[in-house]
Structure formats: structure tokens, C-alpha cells
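Have a look at the structure below before the remarks.
Chains as they are written, first to last, in our numbering: chain D, -13 to 438; chain V, -13 to 438.
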């Protein structure tokens, strides 16, 4: 690991319309460009100018239940968009999301290794287990895989990726024109993986990529998710309801990594933050008010809420109390367990109606995430506080509106953090691992040594 | 369909090292750049300057049995490389290959629709059923899916793609800021597909792409392959052993399309050609001699041959006769049936040794493909002859060496074809369907009509 000052890792959670559910209605959003690659290139280059470590795209392989969210995150499959953005940027990392429950690990390993080669070492992958029966029904299943099984499957998936990515030794490609030997004997090995969910012979048919092992990100917050991350993840997207809760997760992840013989510095904890930033606090508050004023409440919200609670709400009205007696026990619930417990607790403790509970989902930050409102200095102060008090190695920045969100952050917050030495003035490495400061087990890339 | 003069469709079958198995050893090849995106951008732009309709990448989701072929086609997964090339070109089409036997159709539909959006209407997909147990063993199966079952699965796969791609109506995205309606009611519909192999609820979570339905290519030459193509394909990569054989396939595909109520002009037949082109015939022949002189014979060739024959040849030597009595009957053979029959016939009729038969696989053109050697005018003459005599609507051009192959073709052949009015002087359309002259069932793209 290179000696360098520890800095805050900034990661851009890309959305073409913005993460606030009504951002697309704001006159400054670019909803009409949400299908235009050139627009995403502009967003990516703004983040790159701000010294961000990566662009990340969240993903669910199903259409959102709320039709107003149809263009949420990006309307593209993330790997394809990020491959195109890799060709249009030079330093910033790229992290697509892949569902371990509904993807094939050989194909996933190939696509991510290819991204790493195409971007010259800037690729990662966010592994999620997905949630909801709607996803299952797009992939020839009637119901989502059960929680325990899908984490067991996710663990195997991560293992297969790691084995395939290292199935070519760093010096495997000999390309000796004179002797006619392309591959060094023994340089490429099968993996012969025999799991409960996957049996994969290998080797990969993509050469070793520059990072050796592209960066693996995880986001699950349940005990199973934390265990998986402590074992396999280089970075974790965490929740950020409060600094105390997040410090608990931060500590659990670092301790879990240590317990598995890993350097705790080798796992980066990145809480989600929704920054409403402007030149002044007053303007930032005005921005919040303006976006909120466009919030749409429609019947689909109860559908979304029903999915998150694991109960059919089609016979209910927004003014009805949350039917707590119908909710499944957490151990029987098959969606995102963490979100479920939080919603149930809110509803029970505050006696909320369905409409009120749905409103919490459509608020100024997604459920479980921290809305941070203020001037550049105010926002920088709060990020620094979390960074210096054991709650964050950096942040997963969910801009409420696009393109204004990332532009305002780069204009107002980044200069303050740079002045404090907390964000580098320019990139000091060419790979995503380098940006994150995560040691490489294997430092060599598949270098082609052929005579020219 | 627009009125225009019928022209020859040129399609670039991309390989970073060249399609001849020993091309990588030639001093003019760029083997050391085979992992460098900038090099592929250069190849793509050369083809675009030559007015090619598309770049196509063949693919098998397993490492080649012959280690000297490890970088064959491209060392990248095709969708990722072509997404990056889409961002680096403006007009040429992009056609990755997807295995219908080992891929998920929802993910495939998303990735190809995304490519179509990112490229503004230039995407297609080549659907293959794959061959060989090595592929199966990378995807949690011990054996490859049987011939009949994999074509039945391929048909369902193609049906699911088409339904998902049209699950958003062309005017589905309303993006009405004032009234807060993102999606037009009824504009996005589930597909509720219930097949034997796939059950897919839909709708797609990617909006309708510019072409409505990206171009579907097929390459199977067995009766099942031709039937599938006649039903679902917009273009077919055909073999080219002789003009008579290819005219037979051409006629069968056009007749099959007609029988299914399709315009025979709506399916384009593109035989594979391996052009060895230079300023003069003498130089072209010299190029062939030079590449051939570097041909490597090694034990892996018998492994490859064994896979293609469905028999384990590990106890045999190159000088042994082909053990015809061990070969399976064609109806029991589970690889590429067409290639199998051809090899078996050669071996039986000519009494070949294993080494001789393996040599046919490593010749100047891949098995079943036409090596065309000569000056620009000579090559143009032959292509024109096939085009005007019912054997081809265009060609799948497999350059023997890179980057020289495509450069020589664009320098020597394209000007002759342009002078004869057989290749357009410049692109007259922006989409791949437009380049190919294939009518669109749905002409509208998902236009975003939101107020700016």
C-alpha cells in the first residue's frame, strides 16, 4: 500500500433525473435528455473534474412499481452505460450493479473483467441480492429466492468471480511470435468450482485485468449482508440514518474484516448521503422546498409500500392505519429485511397511516439515507465530522437533482474539502483500487510482452 | 421501406489479431495491443470510413481449446467492448453475440436495448446456441443442451426479446412536468410470457429504443437454424464453401421468410468471406504465403478436432487415420452439426489422417468459409458476382490479419465497389436498420416529449 494522506472517498451514485422522486419535474432537471449518452458523459466528466473515485449505478432488474420512477437511477442497463462512459473518461472508476440472484457468474466475471481492461483498471462491481417477486417473475421464477439461500448464493457468486478473475497468472500472455507460443504453459488454470448453486470449470476467457481483481462492493445491511461484505467486499455502501448507527456498522465491518485476517483499511465504508448544496444555506433550503413542492402522491405509492412490507395493500386507502397485524415476521420476510424492520418500527411506534408511511419513502432522501442541506462549507463540515469520527471512509453521494446536484457539489463542497487536504487536488493513480487506497493482492496486470 | 438502389452490405467481423490462426505471429499484426481499447477504436473507425454497415463480434463463453487462439475474435466480452466502441463512433452498427443456451433473456434484452439507445439506433444482436461441453461446464451444467432443445430454447429467447423490446409503446414516455405524469397510462405493458424454458412477466425496464427492435442476426446452418432464422432473423451469417451451396441457403432463407408472411427483402444473407487483399494479386498471394508459413501445429489441435467430432482423441497421434467408427451419428452429435458432417465427409471420402483433418481447420479460412485472394478489383469482381447471382445481400468480412486486413479492404476494394455504385459514398441513414435497408415494423423511437 502506498504511503499517502488519508482522504475522503467521493463516489457519484449516478441518476439521470436525480434521486429525489420528483426531481424530474423541476425545471432545471434534464428529463428530456435521460436517454442521451452525451448527457451522461457530461455528468461523468463533472464528477471526474471533482476528483471523485467512482461513478456507481444502482440497479433492479425490473421496472419500478411507481411509473414516475421509470427513469430512476438510469434507464440503461448499468454495464452498457458504464462501458460507454469508460470510453469517454480517463480516471474516474466505474461500478455497475449486478444481481447475484438472477445473473450468471461466468458472464458477470467476463463483463467486469472486460470493463477493467477497457478502462485500464477502473472497474468495480456492486453485488446485490435484489428484492421482490417482480424481479423473480422477470427471470423464470414465481417468487424471490429466500433470504438465507440468496446470501449463500451471493457468497458462491463472489467466490466464483474472484477465482475466475485470477485464473490467468499476471504473466500468462507470452505472445512469443518467434516460437509461436501465445500463452505461457501453466499460465491459465481451470478453477473447477463445485458449489451448491454454481459449478464453474473455467478458466475465464478474458485475460487478467489491470487490477487483478476489480473492486467488489456490497450493500446489504442485515447480519448476512455484513458477514458477506466482511469476507468479500472492498467497499460497502452503508445507510446513514444517524452517525451512531453508521458508526456501529462501520465498526462491525472493520471488525469482521479483521476477524477474517484482513487489514481493516482494506474495506471502505461509504454511507449514502443526499446533499442539497448551494452557495448559501438559504438557497439550499429553497432548493429543497422547491423540489418537495412538486412531489406527486399517487396510488402506486401504496403498491411500493406493500412490496416493501410484504403485504398486499390493494384494498387500502392512504388514510388507513398501517395493518401491523398482517405484516410478516422479519425472519419470514423475503425482501430487504433492513428496510422492512425500519418501516414496521416507524409505523408501530408513531401509529402512522399508510399515506404517512409512504410519505417517508418519498421524502427528501430515500429511506435510511441522510439528507444534508447547506452551503459548501456546512456540508463539508458534516462530511468531515463523519470521516474523522469513525463513521465513514467516504460517501456514496446521491444527488437529489441532475445535473445541478453534482455541479453544485463540485462547485461548492469539493473546493472546501480540497483546501482542507481531504480531497486530492488531482488523481494520483490510474486505477480504482489506487483511488480508494486499497492494497492489491496481485499487483501485476496481464501485460502483453510480445515483440512488436 | 425507402426507395434506394440496392447496395452490398459490408460487415466487419472484428478480431484484434486477425482471423487466421497464425496472424498474431505476423510482424504487421498488433498482438501487443490486443487488450487496448484505443486500438479497437482505430479498427472501428477504419471500417466506418469504408462505409461498413456494422461491426460484429463472434463469441463463445469458454476459453478456446487451442491456447494460441486465446485472444481470437476479441479478448473482451462483446457487449462491453461494443458499448465502448459505440461511444467512439457515430454511424457504424454494432452487433455482439449472445448465447441463447447460457444467457438470461431479460438481461440480454436490457443490454441490447441499452446499446441501441446509447448508439442512437445502431445495435443488433447475433443469437447463437453455442457448442461444446466446455461451455456447459462454465455455466453449471455437465453437458451441452441437446440440439433440438437448444433450438427450442433459442426460439423462446428470440420471442422474449421481441416482446420485451416492444413492451413500451413508442410514445410511452410522457414526462409531463406540469401534471406530474412520467409514463403515459397504458404505454408500458407486461408481456406475461409463459414458455417451456422461460417465464418472463416484463415489461422491460429500459424504454423503447430508437430502432424499436434492434437487428437480430442468426448463423445456424442446420434445418433448425434455418427455420429459426426465417422466422426471427433480420440477417444471417452464412457459410460460403461454394456459390452453389450458398445460393441454396440464400434461397431457403428467402423462401422460408416468405412462407412465414415476411418480405424476403427483410432478411439479409451475409456469407462469410476471408479476403486476402493487396494492391496486386501477386502481393496478395505473398501475404497468404507469409501468414501460412507461421502456422503452428501443436497438440491442442487434436483437442479442438476431437471437440468438433464429439470424440476424445487424447490417445491418438496426428499421423493416425481418423477413427470413423468412433464418431457419433449426426442425429446424436451435440455440437455444431453442420461442421461435424463436413469434417466427417472429408475424412471418409479422402481417407485423411487426424493431422490432415486438423490442418483443414487451420487453413487460410475457417472451415466452411471462402478465402478470396487478389487485388481490389479482383476481390470486388467476385463479391459483385455473388451479390448479383442470388448468393449474397452482402458479406460478413473476416479479415485474416489485423489491422492490415480491414485497412487493405477499405483502401483497395471499397473504392472499386463505390465506383460501381455498389457501396454508398457515405452513410445515408443513422440506424443499423437504415444501413441494411430493412423495414421497421415500428418506426417510432421512445421520444421524450417533456417540456424542457
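Built from N, CA and C at the ideal position, the CB exists for glycine as well.
Between residue i and residue j, what straight-line distance do the alpha-carbon atoms span, to the nearest angstrom?
| i | j | result |
| --- | --- | --- |
| residue 20(D) | residue 235(D) | 35 Å |
| residue 428(V) | residue 404(V) | The predicted position of residue 428(V) is uncertain, since its pLDDT is 38 and thus under 50; a value taken from the coordinates is nonetheless stated next. The alpha-carbon atoms of residue 428(V) and residue 404(V) are separated by roughly 31 Å. |
| residue 206(D) | residue 311(V) | 57 Å |
| residue 371(V) | residue 364(V) | 11 Å |
| residue 391(V) | residue 333(V) | 31 Å |
| residue 248(D) | residue 94(D) | 25 Å |
| residue 80(D) | residue -3(D) | 10 Å |
| residue 374(V) | residue 402(V) | 16 Å |
| residue 8(V) | residue 25(V) | 19 Å |
| residue 441(V) | residue 54(D) | No answer is possible for residue 441(V): it lies beyond the span of chain V, which begins at -13 and ends at 438. |
| residue 49(V) | residue 153(D) | 11 Å |
| residue 31(D) | residue 381(D) | 19 Å |
| residue 182(D) | residue 242(V) | 44 Å |
| residue 3(V) | residue 299(V) | 28 Å |
| residue 139(D) | residue 42(V) | 34 Å |
| residue 75(V) | residue 251(V) | 28 Å |
| residue 384(D) | residue 357(D) | 9 Å |
| residue 204(V) | residue 317(V) | 21 Å |
| residue 172(D) | residue 164(D) | 19 Å |
| residue 44(V) | residue 118(V) | 16 Å |
| residue 325(D) | residue 315(D) | 13 Å |
| residue 178(V) | residue 307(V) | 54 Å |
| residue 434(D) | residue 114(D) | Since pLDDT at residue 434(D) reaches only 43, below the 50 mark, its modelled position is unreliable, and the value read off the structure follows with that caveat. Spanning the two alpha carbons is a distance of roughly 34 Å. |
| residue 339(V) | residue 288(V) | 11 Å |
| residue 12(D) | residue 280(D) | 7 Å |
| residue 293(D) | residue 313(D) | 11 Å |
| residue 58(D) | residue 85(D) | 17 Å |
| residue 112(V) | residue 233(V) | 22 Å |
Which same chain residues, not among the five before or five after residue i, have their C-beta less than 7 Å away from its C-beta?
| i | result |
| --- | --- |
| residue -7(D) | 408, 409 and 410 |
| residue 6(D) | 277, 350, 386 and 387 |
| residue 267(V) | 360, 361 and 364 |
| residue 148(V) | 199 |
| residue 91(V) | 143, 146, 147, 184 and 186 |
| residue 328(V) | 353 and 354 |
| residue 273(D) | 262 and 264 |
| residue -5(V) | 39, 254, 256, 379, 380 and 422 |
| residue 291(V) | 299, 340, 343, 344 and 347 |
| residue 415(V) | 421 |
Return the chain-ordered list of same chain residues with a C-beta closer than 6 Å to the C-beta of residue i, the five sequence neighbours on each side being excluded.
| i | result |
| --- | --- |
| residue 36(V) | 396 and 400 |
| residue 121(V) | 47 and 48 |
| residue 420(D) | none |
| residue 125(V) | 88 |
Can you name, in chain order, every residue of its own chain whose Cβ lies under 8 Å from the Cβ of residue i, other than the five neighbours on each side?
| i | result |
| --- | --- |
| residue 141(D) | 214, 217 and 218 |
| residue 56(D) | 49 and 50 |
| residue 170(D) | 155, 157, 158, 159 and 160 |
| residue 16(D) | 2, 3, 25, 388 and 389 |
>> Pairs of beta-carbons, one from the segment 52 to 72 of chain V and one from the segment 184 to 198 of chain V, closer than 8 Å: are there three or more?
In response: no
> At what residue ranges does the segment 331 to 356 of chain D contain a whole run of the alpha helix (DSSP H), taking only runs of 4 or more?
Replying inline: As summarised for the segment 331 to 356 of chain D, the continuous alpha helix (DSSP H) elements at least 4 residues long and confined to that stretch are 340 to 347, given in chain order.
> Which of the residues in the segment 73 to 87 of chain V, read from start to end, lie with their CB under 7 Å from any CB of chain D?
Replying inline: 73 and 74
> Does the segment 417 to 427 of chain D come within contact of the segment 50 to 65 of chain D, defined as at least 3 CB pairs closer than 8 Å?
Replying inline: no
> In chain order, which continuous runs of the alpha helix (DSSP H) of length 4 or greater are located wholly inside the segment 116 to 157 of chain V?
Replying inline: 119 to 123 and 133 to 151
>> Closer than 7 Å between beta carbons: that is the criterion. Which residues of the segment 5 to 21 of chain V meet it against chain D?
In response: Sequence-ordered contacts of the segment 5 to 21 of chain V with chain D read 10, 11, 17, 18, 20 and 21 [C-beta pairs closer than 7 Å].
> Does the pairing of the segment 254 to 265 of chain D with the segment 213 to 229 of chain D give three or more beta-carbon distances under 8 Å?
Replying inline: yes
> Taking a cut of 7 Å between CB atoms, which residues from the segment 295 to 315 of chain D lie near chain V?
Replying inline: none
>> Restricting to runs no shorter than 3 residues, where is the beta strand (DSSP E) found entirely within the segment 232 to 304 of chain V?
In response: 254 to 264
>> Threshold first: 4 residues or longer. Then list the alpha helix (DSSP H) segments lying entirely within the segment 178 to 234 of chain D, N to C.
In response: 209 to 218
> Closer than 7 Å, Cβ to any Cβ of chain D: which residues of the segment 30 to 52 of chain V, in chain order?
Replying inline: 47, 48 and 49
>> At 3 residues or longer, what runs of the beta strand (DSSP E) sit wholly inside the segment -5 to 81 of chain D?
In response: -5 to -1, 40 to 42 and 79 to 81
> How do the segment 122 to 138 of chain D and the segment 331 to 347 of chain D stand: do at least 3 beta-carbon pairs fall below 8 Å, yes or no?
Replying inline: Counting Cβ pairs under 8 Å, fewer than three are found: no touch.
> Taking a cut of 8 Å between CB atoms, which residues from the segment 183 to 213 of chain D lie near chain V?
Replying inline: 183, 184, 185, 186, 187, 188, 189, 190, 191, 192 and 193
> Residues in the segment 138 to 170 of chain V with C-beta within 7 Å of chain D's C-beta atoms, listed in sequence order?
Replying inline: 161, 163, 166, 168 and 169
> At which residue ranges does the segment 364 to 405 of chain D contain complete alpha helix (DSSP H) runs of 4 or more residues, listed in the order of the chain?
Replying inline: Complete alpha helix (DSSP H) runs here, min 4: 390 to 394 and 400 to 405.
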